[in-house]
Amino acid sequence: MTTDYLVNHFIDPITQNRYNYFPLNKPTDPKPFIFNQKIDQESLHSLYEDDFPYMEEIFSITLSQLKPDLNVFKLSFERQDLPSVRQMVHKIKPSFGFVGLPAVQQTCKQFEDLCANATDIDELKTPYIALCNQLDDALIVIESEYFKFKEYNQA
Amino acid sequence: MSLSCVIVEDLQVAAEYTRKCCEKSGLLEVKGHFTNVADALTFLNANTVDLLFLDVEMPGATGFELLDQLGYTPKVILTTSKAEYAYDAFEYSVIDFLKKPFTYQRFSEALQKAVAKDNATAVAEATADDHIFIKSDGKLVRLNNDDILYIESMGDYVKFVTAEKKYITHNTIKALEEKVNKSSFMKVHRSYIVNLTKIDDIRENDLFIKGTEIPISKAHKQDVLKRLNII
Numbered sequence: 144m145t146t147d148y149l150v151n152h153f154i155d156p157i158t159q160n161r162y163n164y165f166p167l168n169k170p171t172d173p174k175p176f177i178f179n180q181k182i183d184q185e186s187l188h189s190l191y192e193d194d195f196p197y198m199e200e201i202f203s204i205t206l207s208q209l210k211p212d213l214n215v216f217k218l219s220f221e222r223q224d225l226p227s228v229r230q231m232v233h234k235i236k237p238s239f240g241f242v243g244l245p246a247v248q249q250t251c252k253q254f255e256d257l258c259a260n261a262t263d264i265d266e267l268k269t270p271y272i273a274l275c276n277q278l279d280d281a282l283i284v285i286e287s288e289y290f291k292f293k294e295y296n297q298a
Numbered sequence: 005m006s007l008s009c010v011i012v013e014d015l016q017v018a019a020e021y022t023r024k025c026c027e028k029s030g031l032l033e034v035k036g037h038f039t040n041v042a043d044a045l046t047f048l049n050a051n052t053v054d055l056l057f058l059d060v061e062m063p064g065a066t067g068f069e070l071l072d073q074l075g076y077t078p079k080v081i082l083t084t085s086k087a088e089y090a091y092d093a094f095e096y097s098v099i100d101f102l103k104k105p106f107t108y109q110r111f112s113e114a115l116q117k118a119v120a121k122d123n124a125t126a127v128a129e130a131t132a133d134d135h136i137f138i139k140s141d142g143k144l145v146r147l148n149n150d151d152i153l154y155i156e157s158m159g160d161y162v163k164f165v166t167a168e169k170k171y172i173t174h175n176t177i178k179a180l181e182e183k184v185n186k187s188s189f190m191k192v193h194r195s196y197i198v199n200l201t202k203i204d205d206i207r208e209n210d211l212f213i214k215g216t217e218i219p220i221s222k223a224h225k226q227d228v229l230k231r232l233n234i235i
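Take a look at the structure:
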């Protein structure tokens with residue numbers, strides 16, 4: 144049963160127009176987006192300003208390429224294919240810069256340098272495990288931020 | 005003014021970001037995006053562009069190898085995440101070096117350099133169109149227009165024929181047609197551009213330059229005859 148008449152009956156047309164123009168259930172100021180603490184907001188702002196739909200697109204593209212690339216990276220290490228490991232870490236490295244994770248990009252850079260100087264892939268085992276942990280954490284953050292952007296942009 | 009450009013980048017997010025920067029500038033028309041050197045080369049040898057946004061490390065071959073194999077020299081802005089390439093960038097006379105991720109402000113500065121260089125090149129071409137430089141045997145060779153007899157297609161390569169020597173370079177007749185001085189040179193067949201001042205005689209559908217028979221296609225014959233000083 145509709146109860147609109149209970150309210151509308153007592154509202155004059157001018158006030159009704161104002162209600163329509165400034166709906167009560169939507170604030171006029173945009174609701175602030177709360178970033179994950181691991182995201183460098185300043186870095187994101189320098190790239191996309193406050194364009195949240197664009198950030199959603201960037202995070203989506205990053206996720207779709209990063210997931211298969213990380214698998215190739217890990218497979219290459221398992222196969223002890225050092226040139227491929229180096230090439231893959233070089234490729235994925237800037238992805239993290241585009242999603243506000245410059246510290247992860249820096250860790251990738253350090254690992255890439257280690258690859259360039261390594262003669263045996265076994266030398267890289269310890270830093271590789273540390274890097275993988277960091278990359279897996281980063282992937283979770285990117286994915287969760289992507290869903291937050293999506294929800295925020297739909298609101 | 006609008007510059008045509010191509011993005012050669014294997015990282016999708018970087019390519020998309022660069023494309024958006026190009027769009028935002030209002031100065032660039034993106035003709036394509038390629039994720040590897042082989043595909044980019046095929047496109048670039050068939051289509052001349054003004055500016056390349058070029059990644060360095062890609063699967064198969066590097067961005068520098070692309071520049072080595074390209075038959076002409078577009079303006080290049082390197083986009084890479086490895087600062088160590090700055091020295092090579094300098095060696096290849098690239099316009100600027102953008103370290104990923106770069107801000108739009110930084111992109112804009114690089115673009116301004118490309119625009120400035122484009123203006124300078126236009127002036128240089130207008131004042132020095134009596135010669136061309138071609139890449140041959142790993143060096144840039146100066147050929148005076150007056151020394152070139154004709155240019156012949158060899159698939160992905162072309163042969164510049166002078167009275168003294170033949171030079172083979174990676175290029176296409178289609179791309180060269182736009183580059184050569186149109187007052188001296190003319191395309192007479194899909195495989196030949198000739199120096200009009202060097203034609204000795206014409207017999208039906210062939211012309212002769214220093215004893216070499218060159219076919220004239222039906223599509224070009226009327227234009228060729230119009231350009232000759234026939235009394």
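In order, the protein sequence lines correspond to chains A and B.
So the first sequence is numbered by the working numbering: it starts at 144 and just counts up by one.
So the second sequence is numbered by the working numbering: it starts at 5 and just counts up by one.
Even glycine gets a Cβ: it sits at the ideal position worked out from N, Cα and C.
If you're wondering where the values come from, they're calculated on a predicted model, not measured in any experiment.
- According to DSSP, residue 156 of chain B shares a beta bridge with B/163, B/196.
- Below the 8 Å Cβ cutoff, chain A contributes 230, 233, 234 as neighbours of residue 61 of chain B, in chain order.
- Here residue 298 of chain A is exposed: its Cβ has fewer than 16 other Cβ atoms, across all protein chains shown, within 10 Å.
- Counting only runs of at least 3 residues, the segment 49-85 of chain B fully encloses the following beta strand (DSSP E) elements, listed from N- to C-terminal order: 55-58, 79-84.
- Residue-level contact by beta carbon holds for residue 190 of chain A and chain B, with a gap shorter than 9 Å.
- Residue state for residue 191 of chain A is assigned as helix, using DSSP reduced to three classes.
- Taking 7 Å as the cut-off between beta carbons, none of the residues of the segment 242-276 of chain A comes near chain B.
- In this structure, residue 230 of chain B keeps its C-beta atom at 9 Å or more from the C-beta atom of residue 52 of chain B.
- Taking all protein chains shown into account, residue 42 of chain B has fewer than 16 neighbouring C-beta atoms within 10 Å of its C-beta and is therefore exposed.
- The criterion of a C-beta distance shorter than 9 Å is satisfied by residue 232 of chain A and residue 216 of chain A.
- Distance from residue 288 of chain A to residue 202 of chain A at the Cβ level is roughly 6 Å; contact confirmed, criterion being Cβ atoms closer than 8 Å.
- If you ignore the 5 residues before and after residue 145 of chain B, its C-beta comes within less than 6 Å of the C-beta of 138, all in its own chain and listed in chain order.
- Taking a Cβ-Cβ threshold of 9 Å, the residues of chain A close to residue 107 of chain B are 189, 190, in chain order.
- Take residue 168 of chain B, set aside five residues on each side of it, and the residues of its chain with a beta-carbon closer than 8 Å to its own are 151, in chain order.
- Along the segment 201-217 of chain A, the positions whose C-beta sits under 8 Å from a C-beta of chain B are 201, 204, 205, 207, 208, read in chain order.
- Here DSSP, grouped into helix, strand and coil, assigns residue 32 of chain B to strand.
- Scanning the segment 194-261 of chain A from its first residue to its last, the whole alpha helix (DSSP H) runs of 4-plus residues come out as 195-221, 225-241, 245-260.
- Residue-level contact check: residue 34 of chain B does not touch chain A, since none of the beta carbons of chain A fall below 9 Å from its beta carbon.
- Residue 238 of chain A is positioned such that its CB atom lies closer than 9 Å to that of residue 205 of chain A.
- Taken in chain order, the whole alpha helix (DSSP H) runs of length 4 or more contained in the segment 82-113 of chain B are 90-95.
- When the beta-carbon positions are compared, residue 120 of chain B and residue 54 of chain B stay at least 9 Å from each other.
- Proximity of residue 197 of chain A to chain B, defined by a Cβ-Cβ separation below 9 Å, is satisfied.
- It is roughly 26 Å from the alpha-carbon of residue 66 of chain B to the alpha-carbon of residue 244 of chain A.
- Residue contact check for residue 12 of chain B against chain A: no CB pair falls below 9 Å.
- Shown here for residue 26 of chain B: same chain residues with a beta carbon closer than 6 Å to its own, the five before and five after excluded, namely 32, 34 in chain order.
- DSSP places residue 175 of chain A in no beta strand (DSSP E); its state is neither H nor E.
- By alpha-carbon distance to residue 112 of chain B, the top candidate from B/82, B/158, B/29, B/92 is B/29.
- Sixteen is the threshold: when 16 or more other Cβ atoms of the shown chains lie within 10 Å of the Cβ of residue 175 of chain B, as they do, the residue is buried.
- Counting along the chain, no beta strand (DSSP E) covers residue 13 of chain B, and no H or E run does either.
- 85, 86: these are the residues of the segment 76-100 of chain B whose beta carbon lies less than 8 Å from some beta carbon of chain A, given in chain order.
- In this structure, the beta-carbon distance from residue 50 of chain B to residue 223 of chain B does not fall below 9 Å.
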